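> Dropping the structure in here first, questions after.
Residue numbers (this note's numbering), protein chains in the order written: chain A, 185 to 530; chain B, 185 to 530.
Next up, the structure:
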């Protein structure tokens, strides 16, 4: 397997490694910045008691009947359209669990994020918030979003995101132990935690339906997805192989079920990107095993499922939040070269 | 009072009314698009039971201790910086209750919103989500956000936002009655409702603190605020008169308390913008009365508090969501001319 990864890596990423610094300070000529909500449905809620509410100090109280019809389960996407895109189709960026599209904006330590990188590389870029997260809104009724949301503590991600060992977290920043050579900007960890939002763990079906609606509305496109978003991207391609032109899955945490028809993805190149410290981490090894089986199934069906394994490229220290790591532009540049090699640019 | 409004309107808005169409189709030269979270604090939560959670299908279950430290009460702002801004300082856009910064993006019927208008007019623009809304995140613990959030039904805004009479709402779109000549794009009402998010009514203090932190971090600036955001803008100026260079309040729903020192605003021009159908609406007349008293206090202290009253300008039919109305660009152009007249442009 490792040899295969290396061979594919040599194929796709061996282009001369031009430093991205020059291009990444250029101004952008923009046609339009905008957003849309897509998908969802109208749901009726009844049986709740009336409320009397003062919405702003000084405003008269308003008697509110909280029952009625509600827009629920939609999702939000913000787009930046270039005056002269080089990419053949727009790039949709989708975040992981407990986060929002902010994942791809300015990094927690203040550097331009992947939204800017891929805009400067010539893509029209959509940054999305999954159903129930961020600007998508969340319907506050258990009939819509079942169960209780979970909300990440400041320390939970330290080991799950492979910034440091499981016993390396400490509430006191000076006492935290990261992996030697980690590329996550650890001094900005607390700032990163400000990006977190509650998430339900019962709502994959609704999140997927909203992504599918987005694909129908704004694609053809390339989907770049992260962590929990990985499976939403894989499945969006299965559900609309005529619309999704490629899937780039950054540390995907899930895969389609064994019943999924990988042959539908024969013409849709896939790239999976991994950071460091997966060997020796049972949780991530199991996830990666699932993803590699999914990639094997795509290849067995005649499709393309490449891997960009940063340690195999000789780059150590990348975390799960690779788009925020100090070498985020370098990783993006490798992904960009893969897109060039796969014919996704003009 | 009406005479005074008209006189001020004549002063500020009488510049030849150049149609904004030409400028509003131009491409934009952008230096950077990015975002930040500001403000908030670290809060400790304890005493909650452990949970075992499968976060993605196929992923192994993770045992989660939901207790710990959390980043709470921060807020989100997204910025677009022009290569060559004409405005002297950035423009911060703040939304109203139950909504997010999406208020200023593409209108529900698909036209460019005020974010694009003011970018094209030469402003660096920040679009903000209030604490607890949108990408700011919301801490799901009652110790942080007290009480239950409220969530707007599809019909609630129909009369409160003055699109139609109180008895004009109907779940069936064809049966809805709007005011004759309303400028809200009523066919896009259901789409507009997708922009809604739950809101608490107990959190003004925390929302204000986050805006104040934003002002300290990114200003000097001009604040353009809507509805519930109105009072946050007024108060932000009171709290940082050295940072806020002007306040433009679109249909503000609240005002600072009578104890507030309006003399601090002597050098900070204020503009209040009103739509139609306020006469005859007791709720909005009472709000407007409060706002006019606040404007009187600013003027009594030697400051500037102008009013742009659209019906007084001869334009009928504007709703509370004036930045989404079909003449949104015309209203924005009048606000832009006020900013020119008040010396806020280079």
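The beta carbon of each residue, even a glycine, is placed where N, CA and C say it ideally should be.
As the structure is a prediction and not an experimental result, all values here were calculated from the model.
Consult DSSP for residue 295 of chain B and reduce its assignment to one of helix, strand or coil.
coil
> DSSP state of residue 358 of chain B, grouped into three classes?
Note: residue 358 of chain B maps to helix in three-state DSSP.
> Tell me which same chain residues have a C-beta within less than 8 Å of the C-beta of residue 245 of chain B, skipping the five on either side of it?
Result list for residue 245 of chain B: 236, 237, 238, in chain order.
> To the nearest angstrom, how far is it from the Cα of residue 526 of chain B to the Cα of residue 424 of chain B?
Residue 526 of chain B and residue 424 of chain B: Cα-Cα distance of roughly 19 Å.
> I need the DSSP call for residue 397 of chain B, collapsed to helix, strand or coil.
helix
> If you draw a straight line from the C-alpha of residue 363 of chain A to the C-alpha of residue 293 of chain A, how long is it?
A direct Cα-to-Cα measurement between residue 363 of chain A and residue 293 of chain A gives close to 18 Å.
> Since residue 213 of chain A is in the beta strand (DSSP E), which residue starts that stretch and which ends it?
Annotation for residue 213 of chain A: the continuous beta strand (DSSP E) segment containing it runs 212-229.
> Would a check of beta-carbon distances place residue 504 of chain A closer than 7 Å to chain B?
no
> Measure from the C-beta of residue 520 of chain A to each C-beta in chain B and report whether the shortest distance is under 7 Å.
no
> Would you call the region 294-313 of chain B and the region 293-309 of chain A touching, i.e. three or more CB-CB distances under 8 Å?
no
> Among the residues of its own chain, which have a CB less than 6 Å from the CB of residue 345 of chain B, if the five just before and after it don't count?
503, 504, 505
> Counting Cβ pairs closer than 8 Å, one from the region 370-385 of chain A and one from the region 319-330 of chain B, do we hit at least three?
Contact between the region 370-385 of chain A and the region 319-330 of chain B is present, because at least three Cβ pairs lie under 8 Å.
> Please specify which runs of the beta strand (DSSP E), each continuous and at least 3 residues long, are wholly inside the region 449-488 of chain A, giving them in chain order.
454-458
> To the nearest angstrom, how far is the alpha carbon of residue 440 of chain B from that of residue 329 of chain A?
37 Å
> At the level of alpha carbons, what is the spacing between residue 404 of chain B and residue 427 of chain B?
4 Å
> Please list, in chain order, all residues of the same chain as residue 231 of chain B whose beta carbon is under 6 Å from its beta carbon, the five residues on each side excluded.
none
> In terms of residue numbering, what span does the beta strand (DSSP E) encompassing residue 514 of chain A cover?
No beta strand (DSSP E) holds residue 514 of chain A; the alpha helix (DSSP H) holding it covers 512-525.
> Using a C-beta cutoff of 7 Å, does residue 267 of chain B count as contacting chain A?
yes
> Measure the Cβ-Cβ separation of residue 253 of chain A and residue 217 of chain A and say whether it is below 7 Å.
no
> Going by DSSP in three states, residue 284 of chain A sits in which element: helix, strand or coil?
coil
> According to DSSP, is residue 419 of chain A part of a helix, a strand, or is it coil?
Residue state, collapsed to three classes: helix.
> Taking a contact to mean a Cβ-Cβ separation below 7 Å, would you say residue 530 of chain B touches residue 272 of chain B in this structure?
yes
> Does the separation of the CB atoms of residue 284 of chain B and residue 317 of chain B fall below 7 Å?
yes
> Along chain A, in chain order, which residues have C-beta atoms closer than 8 Å to that of residue 286 of chain B?
219, 221, 260, 319
> Excluding the 5 residues flanking residue 462 of chain A on each side, which residues of the same chain have their C-beta closer than 7 Å to its C-beta?
468, 469, 472
> Check whether the Cβ atoms of residue 479 of chain A and residue 489 of chain A lie closer than 7 Å to each other.
yes
> Go ahead and pull the three-state DSSP assignment for residue 530 of chain A.
coil
> Using a Cβ-Cβ distance cut-off of 7 Å, determine whether residue 253 of chain A contacts chain B.
It does; some Cβ of chain B falls within 7 Å.
> At which residues does the beta strand (DSSP E) containing residue 340 of chain A begin and terminate?
Premise fails: residue 340 of chain A lies in the alpha helix (DSSP H), 340-344, not in any beta strand (DSSP E).
> Look at the Cβ atom of residue 406 of chain A, then the Cβ atom of residue 430 of chain A, and state whether they are nearer than 7 Å.
yes
> Please identify the residue among B/282, B/281, B/264, B/280 whose C-alpha is closest to the C-alpha of residue 274 of chain B.
B/264
> Within the continuous alpha helix (DSSP H) that includes residue 313 of chain A, where are the two ends?
It is not in any alpha helix (DSSP H) - residue 313 of chain A instead sits in the beta strand (DSSP E) that spans 309-313.
> Checking contacts by CB at 7 Å: is residue 378 of chain B closer than that to chain A?
yes
> Given a limit of 9 Å on CB to CB distance, which residues of the region 230-243 of chain B reach chain A?
235, 237, 238, 239, 240, 241, 242, 243
> Given residue 501 of chain A, which residues of its chain have a CB within under 6 Å of its CB, disregarding the five upstream and five downstream residues?
Shown here for residue 501 of chain A: same chain residues with a beta carbon closer than 6 Å to its own, the five before and five after excluded, namely 365, 366, 367, 460 in chain order.
> Against residue 385 of chain A, what residues of chain B qualify as contacts under a CB-to-CB distance less than 8 Å, listed in chain order?
Per Cβ cutoff of 8 Å: 237, 238, 239.
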